[in-house]
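These notes concern the structure reproduced below.
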């Protein structure tokens, strides 16, 4: 098959990653505002104290090549350094604490979006012109075009403030650390619903529209006519012929979107105070916490590149025309 | 024919309905069996550290004043009060020796005795670090030369000069048995002072989930009145809108920094009181003029010598309408500015006499500019400076507050009318900080005016120190250097009485107003709000126009009682309404916020209309398609 295809793709991915790493490193160093001034926040310190801290953080060496080489070497060893803002803590620890909530939120959001979006889109395309098609497509368009933070605030006001169904902030109710697991899971789910729905709504629109147009295109193909002529049931045609072909572009889109899981839905997290990578990124930007920012962008780059690679491989598996 | 998708869809719906049903009832029911009385305060500013030496933010100060006591406390009107370690204190005749009498029987939250030795330890810990590379400079102990604890109940502080500033030292007293093994280097850097925190304050931090909340549990060994609150939770919100909604919903009991645009809605709620407070910690916002004299070196200092001319600055002050600035960018939440010690510190604020105040008068501004020799010689509508160069003032302001940019634009407009060109530049905080850094600290001070603000403190010393020559390269961002002022600054530090000190600080404020290195624009309000249905007994600090929380003490945390304010039973109505008075302690959830409903209804109607139109439009198109295909 495409062992060479696979090898080529992996090699390209690796090169892209290296390039991205270097660009990330340089971009952060180019931002105005010196790291130590913000960190030390206290102009009373003497010049000697300032110098000691600079050495401690490695900021006294020249950017090219010392800091860059340093960065590349330690990154490959998965030593991402120490956070400036959370003194003394490893970057990996700081980020690890926030990965869970983000993956939970986005994972759940994506699953809902995929299931509902694909179902809605497939049905709309299959029964084009039916009431679900009209209603579904209009709603999908509206939802797709709404800014997520605005939608989040609206949902917050309606379902949390006015109706009181769900809490509007945070991931857990403080003080439940000692309660029984069932209560804690319930609490977590209660907090997860509004941000999860907010996150998934935009994607439901996106997936359903794409799936719908895919199905419509596929249904016009000759092989579907042939299948009907052969006497296959509609269900069989849909399952074995239409859906697999219609899924191709959608699978690509889904795989690419999943690559962005690590970016954390910053706006959704900010609206609902969800303690994930999104809020961590904003805080780290504010305090010029270079090591944490580089760690986050490293993870993001790796995941996007890997997701694209996976999308390529899946596509090549699904579509034999692509394998050469 | 049945679509296979339908079956799947139905199964999915049923599954999600089941999942939802397990969640919905949980949202309302209390999950903890024992039901401690919890007080929740919301903030959009996460605490930065539980270690007081690394705590720079308001919320962190609130956190440590819950955990720890200071030596001397601040009373209801910001006067020195015996609410800290010290019950009373005396001063020697020469004013150089203060003797503090520590209350007996105090215990740390872990049960160890808390004595004068801990006070001496804390102060010496700070003083000794100042001589090393790891100076602990966050808390200043002015003029202190020696601190001793001759016995468990006495602390003797010896000063280099008679100065009352030591009474106002807002420094937490730390337990020696915990901190003696922490080096100043660690205190400044790696030591996080993780929960459970050991202190003498009414509540101790037991859990801190970064980015989410901090929990403080009542200190069983607290020396003061036993609080009714069992647990304080400081809940962090990533945005102010969500926090205000949580307050309205009742998820939190109080909040700090309500959005100006939402204050009215919050205050109108029958169960919430909004506080438009003047906190001493709020400080002021100003135009800081760049007085740095680059002595002709290129790229250093202001773009024109005019900025260094007091007559020029004085004239510009007449072209700023501070009342309008308060009304528009601040939406009315503030007071017009005058001197650098805000009126929120009534014991220290100096109000210049009306005849000295610069009123908004564009004609007067033009007259003064003409008189100072700034004329428009080439007739292009903008004045030139004494060197003949056209004046084009560069104003930098951070993007952290929307009202900074709005104020800058209004000011640019007024100045244009008097012939002065000014270009505001909104930058991020760190760029502004870098721009105003002088060569003494590695920068270029390459700006003309900086629009920013200062937080305040209970003692005026810090805000006055910014204008001393010593602080150039430190906190000074206008680089004012006046030997008379510097002398007055040292004098006020060692003034024997508060009256004598006030006489000096008044002089200093008047001098700064006249010379105008800063033009103080306004004192913005500190907007807080609290619910009245779950707790009562709130007080403000200071009593007149202050704030309930994030001030200089723990009053409300200690004094609040559960339930709404009990309504006194009307004496004459004996046969009237039975079973009134006693308020329920478990409050029912507040019903739908009435002011939101019409908007929501309108929104939903609009949404349905849009969908209907969409459907009709698509149907029309499809019919055309069908006709085309036939």
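Protein chains in written order, with our numbering: chain A, 1 to 324; chain B, 325 to 954.
No residue lacks a Cβ here, since even glycine has one placed at the ideal position from N, Cα and C.
From the options, residue whose alpha carbon lies closest to that of residue i
{"i": "residue 126 of chain A", "options": "A:235, A:158, A:156", "result": "A:235"}
{"i": "residue 573 of chain B", "options": "A:240, A:160, A:226", "result": "A:160"}
{"i": "residue 762 of chain B", "options": "B:803, B:579, B:735", "result": "B:803"}
{"i": "residue 582 of chain B", "options": "B:568, B:720, B:387", "result": "B:568"}
{"i": "residue 740 of chain B", "options": "B:754, B:715, B:729, B:408", "result": "B:715"}
{"i": "residue 775 of chain B", "options": "B:683, B:745, B:732, B:689", "result": "B:732"}
{"i": "residue 544 of chain B", "options": "B:523, B:534, B:559", "result": "B:523"}
{"i": "residue 214 of chain A", "options": "A:12, A:76, A:249", "result": "A:249"}
{"i": "residue 21 of chain A", "options": "A:321, A:258, A:293, A:311", "result": "A:293"}
{"i": "residue 376 of chain B", "options": "B:493, B:516, B:482", "result": "B:516"}
{"i": "residue 706 of chain B", "options": "B:394, B:736, B:456, B:799", "result": "B:736"}
{"i": "residue 174 of chain A", "options": "B:465, B:557, B:684", "result": "B:557"}
Neighbourhood of residue i by C-beta, 8 Å cutoff - its chain only, sequence neighbours within 5 removed
{"i": "residue 902 of chain B", "result": "Residue confidence is low: residue 902 of chain B scores 42 on pLDDT, short of 50, so the model does not pin down where it sits. No coordinate-derived value is stated."}
{"i": "residue 590 of chain B", "result": "568, 571, 572, 582, 596, 598, 853"}
{"i": "residue 564 of chain B", "result": "368, 581, 582, 583, 586"}
{"i": "residue 10 of chain A", "result": "309"}
{"i": "residue 606 of chain B", "result": "666, 668, 779, 780, 847, 848, 849, 850"}
{"i": "residue 936 of chain B", "result": "none"}
{"i": "residue 420 of chain B", "result": "482, 483, 484, 485, 486"}
Close beta carbons around residue i, own chain, < 6 Å, minus the five adjacent residues each side
{"i": "residue 692 of chain B", "result": "639"}
{"i": "residue 157 of chain A", "result": "none"}
{"i": "residue 728 of chain B", "result": "721, 775"}
{"i": "residue 753 of chain B", "result": "722, 724"}
{"i": "residue 635 of chain B", "result": "696"}
{"i": "residue 792 of chain B", "result": "810, 813"}
{"i": "residue 355 of chain B", "result": "Caution is warranted here: a pLDDT of 40 is assigned to residue 355 of chain B, below 50, making its placement in the model unreliable, and no coordinate value can be reported."}
{"i": "residue 434 of chain B", "result": "522"}
Strand pairing of residue i, partner residues [DSSP]
{"i": "residue 719 of chain B", "result": "B:748, B:773"}
{"i": "residue 475 of chain B", "result": "B:478"}
{"i": "residue 414 of chain B", "result": "B:423"}
{"i": "residue 555 of chain B", "result": "B:362, B:541"}
Three-state class that DSSP yields for residue i in the structure shown
{"i": "residue 512 of chain B", "result": "helix"}
{"i": "residue 905 of chain B", "result": "Bear in mind that a pLDDT of 39 at residue 905 of chain B, under 50, signals an unreliable position, so the number given afterwards is only what the model happens to contain. In the structure shown, residue 905 of chain B sits in coil (DSSP, three-state: anything other than H, G, I, E or B)."}
{"i": "residue 227 of chain A", "result": "helix"}
{"i": "residue 707 of chain B", "result": "coil"}
{"i": "residue 683 of chain B", "result": "coil"}
{"i": "residue 84 of chain A", "result": "coil"}
{"i": "residue 188 of chain A", "result": "helix"}
{"i": "residue 789 of chain B", "result": "helix"}
{"i": "residue 387 of chain B", "result": "helix"}
{"i": "residue 222 of chain A", "result": "helix"}
{"i": "residue 532 of chain B", "result": "strand"}
{"i": "residue 373 of chain B", "result": "coil"}
{"i": "residue 778 of chain B", "result": "strand"}
{"i": "residue 518 of chain B", "result": "coil"}
{"i": "residue 432 of chain B", "result": "coil"}
{"i": "residue 403 of chain B", "result": "coil"}
{"i": "residue 396 of chain B", "result": "coil"}
{"i": "residue 565 of chain B", "result": "helix"}
{"i": "residue 494 of chain B", "result": "coil"}
Own chain, CB closer than 7 Å to residue i, minus 5 neighbours either side, in chain order
{"i": "residue 124 of chain A", "result": "132, 133, 136, 137, 208, 212"}
{"i": "residue 401 of chain B", "result": "866, 867"}
{"i": "residue 346 of chain B", "result": "Summary for residue 346 of chain B: the model assigns pLDDT 43, below 50, so the residue's position carries little reliability, and this model does not support an answer."}
{"i": "residue 796 of chain B", "result": "762, 764, 803, 805"}
{"i": "residue 801 of chain B", "result": "612, 760, 774"}
{"i": "residue 297 of chain A", "result": "24"}
- Item | Members of the segment 543-566 of chain B near chain A, C-beta cut-off 8 Å | 555, 557, 559, 560, 561, 562, 563, 565, 566
- Task: Could you list the residues in the segment 518-542 of chain B with a C-beta less than 9 Å from some C-beta on chain A, going in chain order?
- Result: 531, 533, 534, 535, 536, 537, 538, 539
- Taking any Cβ of chain A, which residues in the segment 690-703 of chain B have a Cβ under 9 Å from it, in chain order? none
- Got a sec: which bits of the segment 167-178 of chain A sit with their beta carbon under 9 Å from any beta carbon on chain B, in order along the chain? 167, 168, 169, 170, 171, 172, 173, 174, 175, 176, 177, 178
- Message: Against chain A, which members of the segment 645-670 of chain B pass a CB distance test of less than 8 Å?
- Response: none
- Interfacial residues, the segment 566-587 of chain B to chain A, with Cβ spacing under 7 Å: 566, 569, 570, 572, 573, 575
- Task: Scan the segment 744-755 of chain B for residues whose Cβ lies nearer than 9 Å to a Cβ of chain A and list them as they occur along the chain.
- Result: 751, 752, 753, 754, 755
- Query: Taking a cut of 7 Å between CB atoms, which residues from the segment 200-228 of chain A lie near chain B?
  - Reply: none
- Which residues, taken in chain order from the segment 423-448 of chain B, show a beta carbon closer than 8 Å to some beta carbon of chain A? none
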